[in-house]
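In terms of full-length UniProt numbering, the sequence shown opens at residue 1 and continues consecutively.
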Amino acid sequence: MSIVNRVKVAIRCKHCGERFILRGKLEKGKIETGFKQCLCNNETDLDIEQVE
């Protein structure tokens, strides 16, 4: 059984400024949240940072 670290992540859209706070899995240095797109349909231009 693998151990998965849960982290809190802040995602901010660079187009409309909408902000999302999610929990994600930290595996091999990458964070997976399942987040697909912002409410303004932006899928690529996002700021993603880990929150303590």
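For glycine and all other residues, C-beta sits at the position ideal for the given N, C-alpha and C. Quantities reported herein were computed from a predicted structural model and do not represent experimental measurements.
Between the beta-carbon of G24 and that of V7 there is about 6 Å, and that keeps the pair under the 8 Å contact cut. When only Cα atoms are considered, G34 and L22 end up about 9 Å apart. Under the 10 Å beta carbon count, C16 is surrounded by fewer than 16 other beta carbons and is classified as exposed. Looking only at L39, E43, I31, N41, the smallest Cα-Cα distance to E49 is reached by I31.
Across the structure, N5 and E18 are spaced so that their CA atoms are roughly 26 Å apart.
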